[in-house]
Amino acid sequence: MNTAGALVTAATPRVPLLDAASAPLTARRYFSDGDPGPIVAALASVPELLEVTLPFLSTVLSASALDARTKEIVIVRTSAVQECRYCIDAHSVVALDTGLTVAEVRTLSERGPASLPDEREAALLAWIDAVAGATGPVQDSVAARLGASYRDYEIVELTLLIGATMMLNRFCTALSLPTSTEVTMRLTEEGLV
Amino acid sequence: MTAIAEAVRAGELPGRVWMYSNYHCNLACSYCLTESAPKVSKRELTSEAMIGVAHDAADLGFTALGVTGGEPFLLPDMAHRLAELGSILPTVGLTNGTLFTGRRLDAAEELAGTDVALQISLDSADPDVNDAARGPENFAKVVAAIPALVERGVTVRIATTGQDPDAVAAARLCALHRDLGVPDEDHVVRPIINRGRAAEAGMGVDVTELDLPAELTVTADGAFWSPFGPTVVAGQLDTDLLLTRTTVPLRVPAQTLLGLLQGRPAGADSTLNIR
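If you read the sequences in order, they're chains L and V.
According to my numbering, the stretch in the first sequence is residues 12 to 204, in order.
According to my numbering, the stretch in the second sequence is residues 2 to 276, in order.
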């Protein structure tokens, strides 16, 4: 089992986090470059799910037709709406590395309403809050505002990104996956903890 | 013909599918892979599940079955289960051989004339040596059970597990199994594997998957590379040789195993089916 020694902060995971020695045969490649993080370490207990989940997540969350800034806005804001501490922490660092300012990350990661001055991004935040922060149909006015700034295929990808992030939010939160000390230290340095 | 059947026919994939019927055991052998003992979690496969695996295995092109544990004959219907399995594919049932008295011995008669062999553990011709590893009175019970089963028409094999049996001891053991009615071709000798309780005791040889035949193994916890895979240390199941948690349908772990053997990433043999 991966106790993840120095990497673990306060959260105690509710399921075993496998390490390279205990990783199943088809999961070993994800451990070949070191600790792959708690999401992989948890999913490795069900290797056939890891085999399909990771490529999916990688495709949805990494570089694509959407620019990196937009994607990190979606991920951090969705995670804040869902109150996923692990995802907020991890992707706040990614967002900073992508070029978002500390102030922007702080706004996005707050539980209350978030705002960004650019109308395109403000429409996106409204869409995120409607999709991730509520149940039932999304209001036509919110969709129309988004549609004024994004093409149809971008709306498809943005919405799937919100959904995939929500899946991760609930997975990480329910299983109490731990934030690494490296992430915590970085956020502390940036004044985000 | 399925890809599995082709691989089995070509000798790329072993033809036997193993099932761990249960993990509990009336013994607590010093080198047990699964830390089996009377009070451990049973983790049983139901009879229906085992029959389902057998039918799936036959449909996929596997050619033989194996049942192990734990002690399978702690499950009262095991003789009947084995007979059913043997009607689907040739089957070997591993047992410690200590329970074949009274009703269990009578029940075992159902295996006479079937395509089922019982493989009974006997580690030495010296009762003290044998019983040191396998528990008090083990030797006496086993040497009583084997001829009783053979007399009833049950095919019996003997499996000897040991660190480094010397030639003299081996010769004595072979003389014994012949006396018990088990021919040389039905006596298998295997090393202690450094997993499970043996690992905790510092016994046995180190192995990786490359050392173990890739015999698909189904347990209540998932499917593994080999019957030496679902080992237990300090009460925790080892996952390093886990293939999939999915065991039904059997093609899921079977294809994963075949993919590993053929160096293909899992899922590479599937096709997109988007409609």
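Positions of the beta carbon are idealized from the N, C-alpha and C atoms, including for glycine.
Per DSSP, cross-strand counterpart(s) of residue i
i: V/F225; result: V/T218 and V/L243
i: V/S125; result: V/S125 pairs with nothing; no bridge assigned.
i: L/L54; result: L/L54 is not bridged to any residue.
i: L/I86; result: Beta-bridge pairing links L/I86 to no other residue.
i: V/P192; result: V/G163
i: L/Y161; result: Paired residue(s): none; L/Y161 is not in a bridge.
i: V/A118; result: V/V93 and V/T156
i: V/L66; result: V/V18 and V/T92
i: V/V233; result: V/L238
Contact list for residue i against chain L, beta-carbon separation under 8 Å
i: V/E210; result: L36
i: V/T240; result: L29, S33, A34, P35, A55 and S56
i: V/W226; result: L36
Integer-rounded CB distance, given that residue j should sit under 8 Å from residue i
i: V/C26; j: V/P39; result: 7 Å
i: L/T190; j: L/D100; result: 4 Å
i: L/A91; j: L/E59; result: With a Cβ gap of about 32 Å, L/A91 and L/E59 do not count as contacting.
i: V/T35; j: V/G71; result: 7 Å
i: L/S187; j: L/A22; result: 5 Å
i: V/L76; j: V/N23; result: 6 Å
i: V/A149; j: V/F101; result: 6 Å
i: L/S126; j: V/T240; result: So it is not a contact: roughly 46 Å between Cβ atoms.
i: V/T232; j: V/T245; result: 17 Å between Cβ atoms; not a contact.
i: L/L209; j: L/W138; result: Within the shown structure, residues of chain L are numbered from 12 to 204, placing residue 209 of chain L beyond reach of any answer.
i: V/V68; j: V/L95; result: 7 Å
i: V/V155; j: V/L112; result: 5 Å
DSSP state of residue i mapped onto helix, strand, coil
i: L/T184; result: helix
i: L/Q93; result: helix
i: V/G94; result: strand
i: L/A125; result: coil
i: V/L238; result: strand
i: V/M204; result: coil
i: V/R17; result: strand
i: L/V19; result: Residue confidence is low: L/V19 scores 42 on pLDDT, short of 50, so the model does not pin down where it sits. Its coordinate-derived value is still stated next. Of the three classes helix, strand and coil, the one that applies to L/V19 here is strand, per DSSP.
i: V/Y24; result: coil
i: V/M2; result: coil
i: V/P148; result: helix
i: V/P254; result: helix
i: V/T1; result: Because residue 1 of chain V is not part of the residues shown, which for chain V are 2 to 276, the question remains open.
i: V/F101; result: coil
i: L/S33; result: coil
i: V/G260; result: helix
i: L/P66; result: helix
i: V/E138; result: coil
i: L/M12; result: Residue confidence for L/M12 is low, a pLDDT of 39 falling below 50, so the modelled location carries little weight and cannot support an answer.
i: V/A11; result: coil
i: L/T146; result: coil
i: L/V26; result: coil
i: V/D270; result: Unreliable positioning characterises V/D270 in this predicted model, as indicated by a pLDDT of 41, which lies under 50. The coordinate reading is nonetheless provided below. In the structure shown, V/D270 sits in coil (DSSP, three-state: anything other than H, G, I, E or B).
i: L/V204; result: coil
i: V/I275; result: Model confidence at V/I275 stands at a pLDDT of 31, short of 50, so the residue's coordinates are unreliable; what they give is reported in the following sentence. V/I275: coil per DSSP, three-state reduction.
i: L/S103; result: helix
i: L/M196; result: helix
i: L/S152; result: helix
i: V/S48; result: helix
i: L/L171; result: helix
i: V/C175; result: helix
i: V/C30; result: coil
i: L/P47; result: coil
i: L/S120; result: helix
Chain-ordered neighbours of residue i on chain V, where CB pairs are closer than 8 Å
i: L/E165; result: None at all; the shortest Cβ gap to chain V is about 21 Å.
i: L/E2; result: This structure cannot speak to residue 2 of chain L, because chain L is shown only from 12 to 204.
Where residue i meets chain V, residues with beta-carbon distance less than 9 Å
i: L/E168; result: What L/E168 touches in chain V: nothing, since even the nearest Cβ is about 17 Å away.
Residue i: contacting residues in chain V (beta-carbon distance under 7 Å)
i: L/E201; result: The contacting residues do not exist; L/E201 stays about 37 Å from chain V at best.
i: L/E83; result: The contacting residues do not exist; L/E83 stays about 29 Å from chain V at best.
Chain A contact for residue i (CB, 8 Å cutoff)
i: L/A55; result: Going by chain labels, chain A is absent from the structure shown, which instead holds the protein chains L and V.
Practice task
Mind checking the region 242–260 of chain V against chain L and listing, in chain order, the residues whose C-beta falls within less than 7 Å of any C-beta there?
Solution key: Flagged, chain order: L242, L243, L244, T245, R246, T247, V253 and T257.
Exercise for the section: For the region 125–138 of chain L, enumerate the residues whose C-beta is nearer than 9 Å to any C-beta of chain V, in chain order. Expected result: Listed by position, the residues of the region 125–138 of chain L near chain V (Cβ gap below 9 Å) amount to none.
Exercise for the section: Quick one: which residues of the region 168–196 of chain L get their C-beta closer than 7 Å to a C-beta of chain V? List them in chain order. Expected result: Here the close residues number zero.
Exercise for the section: Can you give me, in chain order, the residues of the region 102–121 of chain L that have a beta carbon less than 7 Å from any beta carbon in chain V? Expected result: Cβ contacts with chain V: none found.
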